[in-house]
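Residue numbers (UniProt numbering), protein chains in the order written: chain F, 1 to 231; chain H, 1 to 314.
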């Protein structure tokens with residue numbers, strides 16, 4: 001399995017994945033910095049009341065970004081291979097079809113999860129550092145805040161990685177990359193939207209069950225892969 | 001084990017149409033088996049079934065003496081293939097594509113990719129991305145990929161598509177080399193008769209999903225398929241002369257102006273003389289070789305045609 005994952009990465013050119021992620025980090029940080037800098041100095045309407053709120057917004061945006069990023073990954077490495085018929089080529093190798101698909105899914109899942117973790121740590125860290133200089137958000141960093149937020153990021157990260165597989169089930173029906181990406185945007189709109197501080201994500205059961213649903217639907221999509229015709 | 005491929009009543013139905021219907025065929029180890037049939041005869045589908053890409057609706061497949069079960073991947077290690085237009089990872093170079101192939105096949109031999117590229121005469125382009133390749137180059141690369149792991153069985157679907165005459169000649173030589181030097185078994189499909197005729201040891205003729213005939217080229221060649229074709233203004237009259245005056249029994253009337261004489265020891269000169277002396281006007285007399293082409297056309301047109309061949313074989 002490790003070998004298969006390595007081959008997948010080689011095929012997809014790992015560097016272009018990393019490049020894409022770095023770009024996403026940069027855009028996220030820039031966008032958040034814009035909000036922070038424009039609204040920060042005007043004290044009448046605070047942009048963030050405390051660190052908890054600031055870190056939550058960072059996490060929400062990071063998750064939204066990487067759920068969509070995952071759909072692009074899926075549409076290239078799975079849907080695209082079906083469409084370009086290279087999947088048929090892969091299926092003529094002496095490797096079980098399920099393993100080939102599984103290797104691809106692991107990459108998507110781990111990649112999404114890892115990026116959410118890393119982006120949260122980097123961008124969160126950056127903002128805490130910047131704020132310690134500018135002091136627009138009037139709060140102090142405590143271990144409690146960090147631990148609480150860490151636990152939040154971890155559980156939501158796992159849920160998001162599961163959810164990132166949901167678009168696959170949609171895209172697989174018609175082997176359409178566009179459908180995959182659009183459904184991921186739809187998912188993000190539902191899950192990550194924020195209405196006066198309330199979002200569906202704040203009830204942790206919702207993202208977790210959506211994540212589980214993503215894994216279940218993916219399993220159902222490929223359960224019969226050994227028995228289908230690949231034309 | 002002498003048969004590398006054996007199928008029994010193999011059938012594939014798409015919707016309500018039988019694409020492959022009750023095919024029972026045998027491919028012996030170390031031979032080149034030519035799969036001949038018009039476009040849409042089911043050649044590709046049959047090859048895909050051998051590879052497990054298409055699941056049979058009915059019948060059985062045996063590869064290397066073992067019955068194939070759905071999801072079996074072991075025999076795939078021993079098979080090289082190129083089905084339809086070969087697909088590649090377009091952004092990767094030719095060499096990277098081959099290396100990736102070897103990794104998935106679990107085949108490690110230093111220099112294998114280079115060697116395969118040399119064999120198909122793709123030289124100096126190994127570092128070009130495949131998307132820049134022409135149709136002929138892609139075809140060559142597809143063949144290189146199929147042979148690089150030195151498979152025991154090669155499935156090649158229309159391998160000479162898109163190649164220039166020189167390339168076709170090179171591939172023909174390559175296929176024979178693989179058979180003779182490595183003992184590879186090749187199943188090659190084509191809709192071009194002349195091609196199959198030149199390279200195959202055994203020919204399987206497929207039409208509308210059915211295997212019409214499986215015959216060795218040797219027996220086609222041996223079966224005294226030479227004949228003398230007579231063009232005349234009155235075939236009936238000529239036939240009478242042949243039978244009554246010249247005592248020739250093995251002939252066939254091919255219409256009102258043509259006859260074929262299958263007696264091996266009759267020379268065109270003798271025929272010409274005999275006919276003219278008996279007042280039959282002769283337009284031309286030519287000795288012909290009964291080619292695979294005619295054999296094939298007779299079979300696929302169905303009906304009637306068998307007689308000529310049977311007669312010739314008698």
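Every residue gets a Cβ at the ideal spot worked out from N, C-alpha and C, and that includes glycine. From a predicted model like this one, the values you see are computed outputs, not experimental measurements.
Contact annotation: the stretch 174–189 of chain H does not touch the stretch 55–70 of chain H, with fewer than three C-beta pairs closer than 8 Å.
Between residue 214 of chain H and residue 25 of chain H a beta carbon distance of about 6 Å is seen, short of the 8 Å cut, so the two are scored as contacting.
Of the candidates H/9, H/175, H/148, H/130, H/9 places its Cα closest to the Cα of residue 60 of chain H. By the Cβ criterion, the stretch 34–44 of chain H is in contact with the stretch 183–201 of chain H, since at least three pairs of Cβ atoms, one from each stretch, lie closer than 8 Å. When H/124, H/149, H/153, H/117 are compared, the shortest CA-CA separation from residue 139 of chain H is found for H/117. Put simply, the CB of residue 93 of chain F is near chain H, with a gap under 8 Å to one of its CB atoms.
When the beta-carbon positions are compared, residue 113 of chain H and residue 92 of chain H stay at least 8 Å from each other. Closer than 8 Å to the CB of residue 96 of chain F there is at least one CB belonging to chain H.
At the C-beta level, residue 120 of chain F and residue 62 of chain F come within 8 Å of one another. When the five nearest sequence neighbours on each side are left out, the beta carbons in the same chain lying within less than 7 Å of the beta carbon of residue 281 of chain H are those of 232, 233, in order along the chain.
CA-CA distance, residue 2 of chain F to residue 89 of chain F, rounds to 20 Å. A Cβ of chain F is located within less than 8 Å of the beta carbon of residue 53 of chain H.
At the C-beta level, residue 163 of chain F and residue 211 of chain F come within 8 Å of one another. Among the bridge pairs identified by DSSP, residue 199 of chain H is matched with none. Here residue 89 of chain H has 96, 97, 100, 130 as same chain residues with Cβ atoms under 8 Å from its own Cβ, once five neighbours each way along the sequence are excluded. For the 8 Å CB-CB criterion, residue 261 of chain H and residue 227 of chain H form a contact. For residue 272 of chain H, the enclosing alpha helix (DSSP H) begins and ends at 268–277. With contacts defined by Cβ atoms closer than 8 Å, residue 27 of chain H and residue 231 of chain F do not form a contacting pair. A residue is called buried once 16 or more other Cβ atoms fall within 10 Å of its Cβ, and residue 193 of chain H is buried on that count.
Looking at the DSSP output, residue 258 of chain H bridges to H/231. For residue 19 of chain H, the enclosing beta strand (DSSP E) covers residues 17–23. DSSP, reduced to helix, strand and coil, places residue 163 of chain H outside both helices and strands of the structure shown, so it counts as coil. Put simply, of H/277, H/278, H/105 the residue whose alpha carbon is nearest the alpha carbon of residue 145 of chain H is H/105. Rounded to whole angstroms, the gap between the alpha carbons of residue 200 of chain F and residue 20 of chain F is 28 Å. By the C-beta density criterion, residue 15 of chain F is exposed, having fewer than 16 other C-beta atoms within 10 angstroms. With its beta carbon less than 8 Å from one in chain H, residue 227 of chain F belongs to the interface.
Taking 8 Å as the upper bound for CB-CB distance, residue 146 of chain F and residue 213 of chain F are not in contact here, some 31 Å apart. Three or more pairs of CB atoms, one per stretch, sit closer than 8 Å, so the stretch 123–130 of chain F contacts the stretch 48–58 of chain F. Contact between residue 28 of chain F and residue 65 of chain F holds, since their C-beta atoms are separated by about 6 Å, short of 8 Å. Around the beta carbon of residue 165 of chain H, a 10 Å sphere encloses fewer than 16 other beta carbons of the protein chains shown; the residue is thus reported as exposed.
At the C-beta level, residue 47 of chain H and residue 157 of chain H come within 8 Å of one another. Taking the C-beta atoms as reference points, residue 277 of chain H is found no nearer than 8 Å to residue 230 of chain H. Interface with chain F (8 Å Cβ-Cβ cutoff): residue 34 of chain H is excluded.
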